[in-house]
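**Student:** In order, the protein sequence lines correspond to chains A and B. Position one of the first sequence corresponds to residue 0 (numbering that gives the first Met the number 0), numbered consecutively onward. Position one of the second sequence corresponds to residue 0 (numbering that gives the first Met the number 0), numbered consecutively onward. Using N, Cα and C, we set each Cβ at its ideal position, and we do this for glycine too.
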Amino acid sequence: MAYWFELAATGLITGGIYALVALGLNLQYGLMRIMNISHGEFLMLGAYLTWLGYTVLQANPLVFLPVVALVLFAIGVGVYWLCFRRIIRTAPAVEVIEARSLLVGFGLMFLVQNLAYLAWGADLRGYSFLTEAIDVGGARLMTNRLVLFAFAVGASLALLAILRWTLIGKAVRAMMQSPIGAQLVGIDTRFLHPVVFGAGLALAGVAGALLSMVYEISPGMGEPYTITALIVIVLGGLGSAVGCLLGGFLLGLVETFGMHFTNPSLKMLLSYAVLIAVLLARPKGLFAK
Amino acid sequence: MKLRDSIFATLAAAFVLATMPWLLSDFALSLTLTCLMYAGLAVSWAMFCGATNYLSLATAAFFGLGAYITAWGAEGLPYGLAVMLGGLAAAAFAAVIGAAVLHLRGAYFAVITFGLAELVRHAVTYFEKAFQGTVGRVIAEPPEATTIYHTVLLLSAAAVIAALAVRASRLGLALRGIGADEERAQTLGVNARRAKIAAFALSAFFAGALGAAMAVRWTYIDPPTVFNPFIGFQTVLIAMVGGAHTVIGPIASSVLFSLLTEFLRLQFPYLFLILLGLLLILLVLYLPGGLASLISRWRLAERVGAGLLRWRKSDA
Numbered sequence: 000m001a002y003w004f005e006l007a008a009t010g011l012i013t014g015g016i017y018a019l020v021a022l023g024l025n026l027q028y029g030l031m032r033i034m035n036i037s038h039g040e041f042l043m044l045g046a047y048l049t050w051l052g053y054t055v056l057q058a059n060p061l062v063f064l065p066v067v068a069l070v071l072f073a074i075g076v077g078v079y080w081l082c083f084r085r086i087i088r089t090a091p092a093v094e095v096i097e098a099r100s101l102l103v104g105f106g107l108m109f110l111v112q113n114l115a116y117l118a119w120g121a122d123l124r125g126y127s128f129l130t131e132a133i134d135v136g137g138a139r140l141m142t143n144r145l146v147l148f149a150f151a152v153g154a155s156l157a158l159l160a161i162l163r164w165t166l167i168g169k170a171v172r173a174m175m176q177s178p179i180g181a182q183l184v185g186i187d188t189r190f191l192h193p194v195v196f197g198a199g200l201a202l203a204g205v206a207g208a209l210l211s212m213v214y215e216i217s218p219g220m221g222e223p224y225t226i227t228a229l230i231v232i233v234l235g236g237l238g239s240a241v242g243c244l245l246g247g248f249l250l251g252l253v254e255t256f257g258m259h260f261t262n263p264s265l266k267m268l269l270s271y272a273v274l275i276a277v278l279l280a281r282p283k284g285l286f287a288k
Numbered sequence: 000m001k002l003r004d005s006i007f008a009t010l011a012a013a014f015v016l017a018t019m020p021w022l023l024s025d026f027a028l029s030l031t032l033t034c035l036m037y038a039g040l041a042v043s044w045a046m047f048c049g050a051t052n053y054l055s056l057a058t059a060a061f062f063g064l065g066a067y068i069t070a071w072g073a074e075g076l077p078y079g080l081a082v083m084l085g086g087l088a089a090a091a092f093a094a095v096i097g098a099a100v101l102h103l104r105g106a107y108f109a110v111i112t113f114g115l116a117e118l119v120r121h122a123v124t125y126f127e128k129a130f131q132g133t134v135g136r137v138i139a140e141p142p143e144a145t146t147i148y149h150t151v152l153l154l155s156a157a158a159v160i161a162a163l164a165v166r167a168s169r170l171g172l173a174l175r176g177i178g179a180d181e182e183r184a185q186t187l188g189v190n191a192r193r194a195k196i197a198a199f200a201l202s203a204f205f206a207g208a209l210g211a212a213m214a215v216r217w218t219y220i221d222p223p224t225v226f227n228p229f230i231g232f233q234t235v236l237i238a239m240v241g242g243a244h245t246v247i248g249p250i251a252s253s254v255l256f257s258l259l260t261e262f263l264r265l266q267f268p269y270l271f272l273i274l275l276g277l278l279l280i281l282l283v284l285y286l287p288g289g290l291a292s293l294i295s296r297w298r299l300a301e302r303v304g305a306g307l308l309r310w311r312k313s314d315a
């Protein structure tokens, strides 16, 4: 029994971080049709910032979290102003925005990833933080993983609350439902777009900072997370924040239990099979009405 | 240019290029081979995706499937036949997945084609490991370099000619109609499903055949090499940087990319990719029609200039 509990807990912990990574990307796509394929690279930047904070300033990673979020938010606003603003203004159709922002995303991916290689080299880096194991209902779990889970779920829920109950969240939801309608009732895209893009990157940065407490980091670490985020978004439905959270947990559980019953080398095969099955059967996401 | 003239120009260029194995050094020849491969891939990608505005990332799957046909048939199967079979296998695969996923559009289509490419890669990896007990395969007796070069040249030229012919045909018109507005095209009597599947399979044929032809160049092939998603990305980048709605654009930018890759990548690997990223961003932002739009801009300027001249003359 404890064994199954441990397995489920591992799946949920993985799923929580997947959900957090995917939320930022989903927000950007849902609002602006920007499929930012370099999302994982900004996650990597968040991880490196935290690592630098820990090794150079001896800063507690959890205390450092808001700093990472703010820095990534600023980077996000800058990237939006430099790259995506022009695309959204000049593109004649939604599909063109998607295609062009995908290409710019590739460009950013090459740029950021290789700048990181230049700055820090290809070595794996890491630090140990809260590594003692504790007992939870018979299952032994690492403290840092539990902290990671708590923060990932906390950040996701906070975002959901902001979207649900604040004025700016209402504006974001209105914008997702109908961009033109939202503009007609006075919602300012020039303000909302950069803020949401920045928030997306801030979420990626927080996810990276949390991951750096548990795993070793390298400049190439972001790419797999981008792909996982894409899968989670498709599971939950493009533009749906609640779906994203559930999709993340689902994928984490499917991966963990799937690997347990079959074979660890089938992990990626499983995720892609889930992705394709969902896209074929329910292209609007599992939880679409 | 008329269709006949452009086909003639393609054939003439192919004939000139066919003499290269006797004129160029080994290094320059292999560079030309890379150029040709990317030109073929980018042109065949743009044949479907440029016209319809579908963003397919499945090129790596077609390419890798072709390569594995060559590898599996390495003993006994003649090279030419392996190339044909590689192309046909990729086309059949594209037709099957096309029938299943071509109703999706935009980002969904991009994500699912990428997922399919990765799924095929992982499936082949698993199949080889579990049932064949190997990770990769060695191609013991590769054909001569000249044979490979001529095969790739032939395929790329065929891809260009096919792209030109499709553009001039009813199928090309249907594809452009789908790209502009799919529902309107259907209302006007275009069988969108059939047109999309046919064009998707045709473009996959060339990617698969090129994969089968290039596989022998590596002597050792394994799934991470031939199903490398970078092949798919690079094809898309080349085609879009060149101008995906044209034929000449992808050709021009494949030359540019191959040269850049060859000369910068080895010396400054990180700097090269940083530059590539910057270049890509700047091109998308300031030249969204691709390199080919430079030509049309220049033509427009020329026409305006000529008009001004005529106006001046009539004035005088």
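Checking contacts by CB at 9 Å: is Phe-321 of chain B closer than that to chain A?
**Tutor:** Examination of residue 321 of chain B is not possible in this model, given that chain B is present from 0 through 315 alone.
**Student:** Name the DSSP beta bridge partners of Leu-140 of chain A, please?
**Tutor:** What you label residue 140 of chain A is simply residue 141 of the first sequence in a count that begins at 1. BP columns for Leu-140 of chain A point to A:Ile-133.
**Student:** Of all Cβ atoms in chain A, is any one closer than 9 Å to the Cβ of Gly-105 of chain B?
**Tutor:** For the purposes of this step, residue 105 of chain B is taken as residue 106 along the second sequence, with counting starting at 1. True, the Cβ-Cβ gap to chain A drops below 9 Å.
**Student:** Comparing alpha-carbon positions, which option in A:Tyr-214, A:Val-241, A:Phe-41 and A:Phe-4 lies nearest Met-108 of chain A?
**Tutor:** By one-based count along the first sequence, residue 108 of chain A stands at place 109. The residue with the shortest Cα to Cα distance from Met-108 of chain A is A:Phe-41.
**Student:** Quick one: what's got a C-beta closer than 8 Å to Leu-187 of chain B's C-beta in the same chain, skipping five residues either side?
**Tutor:** As a working mapping, residue 187 of chain B is identified with position 188 in the second sequence. Gly-176, listed in sequence order.
**Student:** Tell whether a beta-carbon distance below 9 Å holds between Val-76 of chain A and Gly-204 of chain A.
**Tutor:** Within the first sequence, numbered from 1, the residue matching residue 76 of chain A stands at position 77. Within the first sequence, numbered from 1, the residue matching residue 204 of chain A stands at position 205. Not closer than 9 Å, so no.
**Student:** Tell me which residues share the same chain as Ile-186 of chain A and place their Cβ nearer than 8 Å to its Cβ, disregarding the 5 neighbours each side in the sequence.
**Tutor:** Indexing the first sequence from 1 puts residue 186 of chain A at position 187. Contacts found: Ala-170, Ala-173 and Met-174.
**Student:** Under 8 Å between beta-carbons, which chain A residues line up against Val-283 of chain B? List them in chain order, please.
**Tutor:** Counting from one through the second sequence, the residue named residue 283 of chain B turns up at place 284. Those within 8 Å of Val-283 of chain B in chain A are Ile-86, Arg-99, Leu-102, Val-103 and Gly-106.
**Student:** Given a cut-off of 9 Å on the beta-carbon distance, is the pair Leu-277 of chain B and Ser-155 of chain B in contact?
**Tutor:** Working through the second sequence from its first residue, we reach residue 277 of chain B at position 278. Working through the second sequence from its first residue, we reach residue 155 of chain B at position 156. Result no, Cβ atoms of Leu-277 of chain B and Ser-155 of chain B do not sit closer than 9 Å.
**Student:** Is it true that the CB of Val-246 of chain B sits closer than 9 Å to the CB of Ser-55 of chain B?
**Tutor:** The residue you call residue 55 of chain B lines up with position 56 of the second sequence. The residue you call residue 246 of chain B lines up with position 247 of the second sequence. Taking a C-beta distance under 9 Å as the contact criterion, Ser-55 of chain B and Val-246 of chain B do not qualify as a contact pair.
**Student:** Just to check my reading of the structure: Ile-273 of chain B and Leu-278 of chain A have Cβ atoms closer than 8 Å, yes? What is that Cβ distance to the nearest angstrom?
**Tutor:** Taking the second sequence and counting its residues from 1, one reaches residue 273 of chain B at position 274. Taking the first sequence and counting its residues from 1, one reaches residue 278 of chain A at position 279. Distance from Ile-273 of chain B to Leu-278 of chain A at the Cβ level is roughly 34 Å; contact not present, criterion being Cβ atoms closer than 8 Å.
**Student:** What in chain B is Cβ-close to Phe-109 of chain A, meaning under 8 Å?
**Tutor:** The residue given as residue 109 of chain A occupies position 110 in the first sequence. Per Cβ cutoff of 8 Å: Leu-272, Ile-273, Leu-275, Gly-276 and Leu-279.
**Student:** Counting only beta-carbon atoms, is Met-213 of chain B nearer than 9 Å to chain A?
**Tutor:** On the second sequence, position 214 is the one that residue 213 of chain B refers to. Met-213 of chain B does not count as touching chain A.
**Student:** Put Ile-138 of chain B into one of helix, strand or coil per three-state DSSP.
**Tutor:** To locate residue 138 of chain B, count along the second sequence from 1; it is residue 139. Taken through DSSP and simplified to helix, strand or coil, Ile-138 of chain B comes out as coil.
**Student:** DSSP three-state label for Tyr-125 of chain B, please.
**Tutor:** Here the question's residue 125 of chain B lines up with position 126 in the second sequence. Three-state result, Tyr-125 of chain B: helix.
**Student:** Beta-carbon within less than 8 Å of Ala-46 of chain A's beta-carbon, same chain only, minus the 5 sequence neighbours each way: which residues are those?
**Tutor:** For this step, residue 46 of chain A is matched to residue 47 along the first sequence. Closer than 8 Å at the Cβ level, and outside the excluded window around Ala-46 of chain A, lie Gly-207, Ala-208, Leu-210, Ser-211, Ile-216 and Met-220.
**Student:** Just to check, is the beta-carbon of Tyr-126 of chain A closer than 8 Å to a non-hydrogen atom of the ligand MG?
**Tutor:** The model depicted lacks the ligand MG and carries no ligand whatsoever.
**Student:** Excluding five sequence neighbours on each side, which residues of the same chain lie with their C-beta closer than 7 Å to the C-beta of Gly-29 of chain A?
**Tutor:** As a position in the first sequence, residue 29 of chain A is number 30, starting the count at 1. If we look at Gly-29 of chain A and ignore the five residues flanking it on each side, its Cβ neighbours are Met-175, Leu-237 and Gly-238.
**Student:** Alpha carbon to alpha carbon, how far is Ile-96 of chain A from Ile-86 of chain A? Give it in angstroms, no decimals.
**Tutor:** Start at 1 with the first residue of the first sequence, and residue 86 of chain A comes out as number 87. Start at 1 with the first residue of the first sequence, and residue 96 of chain A comes out as number 97. Taking the straight line joining both Cα atoms gives about 6 Å.
**Student:** So which residues on chain B does Leu-117 of chain A lean against when the C-beta distance must stay under 8 Å?
**Tutor:** The count along the first sequence starts at 1 and reaches residue 117 of chain A at position 118. Close partners of Leu-117 of chain A in chain B (Cβ separation under 8 Å): Tyr-269, Leu-270 and Ile-273.
**Student:** Let me check understanding here. Comparing Cα to Cα, which of B:Ile-196, B:Leu-64 and B:Ile-160 lies closest to Leu-10 of chain B?
**Tutor:** Along the second sequence, read from residue 1 onward, the residue named residue 10 of chain B stands at position 11. For the residues B:Ile-196, B:Leu-64 and B:Ile-160, the minimum Cα distance to Leu-10 of chain B belongs to B:Ile-160.
**Student:** Is the shortest distance between the beta-carbon of Pro-287 of chain B and the beta-carbons of chain A less than 9 Å?
**Tutor:** The residue given as residue 287 of chain B occupies position 288 in the second sequence. So, interface residue.
**Student:** Would Cys-243 of chain A and Ala-21 of chain A be called neighbours here (beta carbons separated by less than 9 Å)?
**Tutor:** Translated into positions along the first sequence, residue 243 of chain A becomes position 244. Translated into positions along the first sequence, residue 21 of chain A becomes position 22. Contact flag set, yes.
**Student:** In the DSSP assignment, find the alpha helix (DSSP H) that holds Glu-181 of chain B and state where it starts and stops.
**Tutor:** What you label residue 181 of chain B is simply residue 182 of the second sequence in a count that begins at 1. Note, Glu-181 of chain B: alpha helix (DSSP H), 181 to 186.
**Student:** Please list the partners that Met-267 of chain A has in chain B, where partner means a Cβ-to-Cβ separation under 8 Å.
**Tutor:** Taking the first residue of the first sequence as 1, we reach residue 267 of chain A at position 268. By Cβ distance, chain B contributes Glu-117 and His-121.
**Student:** Can you list, in chain order, the residues of its chain whose CB lies under 8 Å from that of Pro-263 of chain A, leaving out five sequence neighbours each side?
**Tutor:** As a first step, residue 263 of chain A is located in the first sequence; it is residue number 264 there, counting from the start. For Pro-263 of chain A, same chain residues with a beta-carbon under 8 Å away, outside a window of 5 residues either side, do not exist.
**Student:** Report all residues from its chain with a CB closer than 8 Å to the CB of Gly-235 of chain A; omit the five preceding and five following residues, and keep chain order.
**Tutor:** The count along the first sequence starts at 1 and reaches residue 235 of chain A at position 236. Cβ neighbours of Gly-235 of chain A beyond the five flanking positions: Ala-21, Asn-25, Val-241, Gly-242, Cys-243, Leu-244, Leu-245, Gly-246, Gly-247, Gly-284, Leu-285 and Phe-286.
**Student:** For Phe-47 of chain B, does the count of other Cβ atoms within 10 angstroms reach 16, so buried, or fall short, so exposed?
**Tutor:** Taking the second sequence and counting its residues from 1, one reaches residue 47 of chain B at position 48. Classification for Phe-47 of chain B: buried.
**Student:** Pick out whichever of A:Thr-13, A:Glu-5, A:Leu-6 and A:Ala-1 has its Cα sitting closest to the Cα of Val-213 of chain A.
**Tutor:** As a position in the first sequence, residue 213 of chain A is number 214, starting the count at 1. For the residues A:Thr-13, A:Glu-5, A:Leu-6 and A:Ala-1, the minimum Cα distance to Val-213 of chain A belongs to A:Thr-13.
**Student:** Give the interface partners of Ala-272 of chain A over in chain B, defined as CB-CB distance under 8 Å, in chain order.
**Tutor:** For the purposes of this step, residue 272 of chain A is taken as the residue at position 273 of the first sequence. Ordered by position in chain B, the residues that pass the 8 Å Cβ test against Ala-272 of chain A are Leu-118.
**Student:** Decide if Ser-37 of chain A is buried, meaning its Cβ has at least 16 other Cβ atoms within 10 Å, or exposed.
**Tutor:** Position 38 of the first sequence holds residue 37 of chain A. Ser-37 of chain A comes out buried.
**Student:** Is the Cβ of Met-46 of chain B closer than 9 Å to any Cβ of chain A?
**Tutor:** Along the second sequence, one-based indexing puts residue 46 of chain B at 47. No, because no Cβ of chain A sits closer than 9 Å to the Cβ of Met-46 of chain B.
**Student:** For a contact defined as C-beta to C-beta under 7 Å, what are the partners of Met-34 of chain A on chain B?
**Tutor:** By one-based count along the first sequence, residue 34 of chain A stands at place 35. Within chain B, the residues Ala-106 have their CB atoms less than 7 Å from the CB of Met-34 of chain A, given in chain order.
**Student:** Do you know whose CA, among A:Met-258, A:Thr-255, A:Thr-227 and A:Cys-82, lies nearest Tyr-271 of chain A's CA?
**Tutor:** Working through the first sequence from its first residue, we reach residue 271 of chain A at position 272. Per the Cα distances, A:Thr-227.
**Student:** Could you have a look at Ile-36 of chain A and say whether DSSP puts it in helix, strand or coil?
**Tutor:** By one-based count along the first sequence, residue 36 of chain A stands at place 37. Three-state result, Ile-36 of chain A: coil.
**Student:** Strictly below 8 Å CB to CB, what residues from chain B border Tyr-126 of chain A?
**Tutor:** As a position in the first sequence, residue 126 of chain A is number 127, starting the count at 1. None at all; the shortest Cβ gap to chain B is about 25 Å.
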